[in-house]
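Residues 2 to 246, numbered by this note's numbering, are exactly what the sequence shown covers, in order.
We treat Cβ as the ideally placed atom computed from N, Cα and C, and that holds for glycine.
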Amino acid sequence: MSDLVSSIRERYLHTLDKIAIAARSVGREPESVKLVVVTKTQPIEVVKAAIDAGVLFLGENYAEEGVMKLQSLREFSAVEWHMIGHVQSRKAQLVAENFNFLHSLDGLKLAKRLDRFCGEANRSLPVLLEFNVGGEDSKSGWSASDESNWYTLLDELAEITALPNLKVHGLMTMPPLGQTAELSRPYFQKLRGLQKYLAVKFPQVDFGELSMGTSTDYEIAVQEGATLVRVGTAIVGSRQYKTEA
Ligand SMILES: *Cc1c(COP(=O)(O)O)cnc(C)c1O
């Protein structure tokens with residue numbers, strides 16, 4: 002095993018351990034949480050090393066970068082590729098045709114485009130609905146910080162859950178960046194509250210998955226019910242931002 006593979010493997014297993022401890026601390030099964038390793042901006046060698054280290058779920062933020070990686074690593078068919086970043090309208094086809102899972106569905110127009118491209122490609126795409134529970138202008142997702150306005154989401158969400166080629170599986174959020182992990186807890190609780198609300202409003206839809214928690218706060222997220230955590234730097238190290246070409 003190369004040094005890169007063994008160091009990623011060590012941090013991956015350590016993260017799984019911490020997830021298991023957090024899950025058991027609230028009476029949950031560790032197996033109820035999937036660890037998505039976020040490799041955005043990381044070179045292909047790092048992604049390959051993560052696969053060799055045993056990672057099963059990879060998360061990418063940028064459609065073209067992610068598709069380039071998944072196409073060149075296609076032979077490792079056991080790996081699932083998750084799109085976790087905002088999808089621009091003109092990237093909808095790339096995402097619809099290539100990814101296994103979308104965490105960040107954030108609008109009706111995008112949903113309709115994805116549904117159309119999925120239909121043309123004869124596939125169906127599992128999706129999560131992204132909510133902005135912290136009220137920051139900079140964040141994508143349906144605005145959901147004010148519970149008294151949750152009912153205003155229902156018409157659009159009804160249309161989305163009726164699309165034939167998108168399969169809604171739950172909710173996702175990215176809380177405001179706080180000084181400590183504990184500051185994320187109320188946002189995770191709010192997403193779980195919204196999950197309960199939507200499950201009552203749409204009893205025929207599966208809202209079981211909650212994608213929340215990153216390197217800094219995934220243990221808190223697991224305590225609050227996360228079924229998918231998205232961890233990048235804690236496992237694959239700091240990001241490699243390229244200068245714009
Ligand atoms: C980058 C990113 C992550 C991972 O963040 P880390 O701090 O590296 O763990 C998780 N979710 C989303 C949406 C991201 O963009």
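Inset, instruction - Please classify Arg231: is it buried, with 16 or more other beta-carbons within 10 angstroms of its beta-carbon, or exposed? - result: So Arg231 counts as buried.
Inset, instruction - State the CB to CB distance for the pair Ser185 and Gly194, rounded to an integer number of angstroms; the pair is presumed to be in contact (CB under 8 Å). - result: With 8 Å as the limit, Ser185 and Gly194 do not qualify as a contact, their Cβ atoms being about 15 Å apart.
Inset, instruction - Assign Arg75 to buried or exposed, taking buried as 16 or more other Cβ atoms, counted over all protein chains shown, within 10 Å of its Cβ. - result: Flag for Arg75 reads exposed.
Legend entry - Spatial distance of His15 from Asp4 (CA atoms): Taking the straight line from one Cα to the other gives about 16 Å.
Inset, instruction - Tell me whether Phe58 sits in a helix, a strand or coil according to DSSP, three-state version. - result: In this structure, Phe58 counts as strand in the three-state DSSP scheme.
Inset, instruction - Could you pull out every residue in the same chain whose Cβ sits closer than 7 Å to the Cβ of Leu17, ignoring the five residues on either side in sequence? - result: Once the five neighbours on either side are set aside, the close Cβ partners of Leu17 are Leu36.
Inset, instruction - In the DSSP assignment, find the unbroken alpha helix (DSSP H) run with Lys70 in it and report its ends. - result: First-last of the alpha helix (DSSP H) with Lys70: 64–73.
Inset, instruction - Report back the beta-carbon spacing between Ala64 and Leu95 to the nearest angstrom; my notes put them in contact at under 8 Å. - result: That belief holds up - the Cβ atoms of Ala64 and Leu95 are roughly 5 Å apart, short of 8 Å.
Inset, instruction - Tell me the start and end of each unbroken alpha helix (DSSP H) in the stretch 145–207 that is at least 4 residues and wholly inside, in chain order. - result: Runs of the alpha helix (DSSP H) inside the stretch 145–207: 155–162, 186–202.
Inset, instruction - May I ask you to check if the CB of Thr215 is nearer than 7 Å to at least one heavy atom of ligand 2? - result: In terms of ligand content, the structure shown lacks ligand 2 and carries ligand 1 instead.
Inset, instruction - Assign Tyr152 to one of two classes, buried (16 or more other C-beta atoms within 10 Å of its C-beta) or exposed (fewer than that). - result: Classification of Tyr152: exposed, given that the 10 Å Cβ count is below 16.
Legend entry - Rounded separation between Thr215 and Phe58 - CA only: One alpha carbon belongs to Thr215, the other to Phe58, and they sit about 14 Å apart.
Legend entry - Whole-number beta carbon distance between Gly171 and Leu196, since they are thought to touch under 8 Å: First, the residue type needs correcting, since residue 196 is Gln and not Leu in the sequence shown. Confirmed, about 7 Å.
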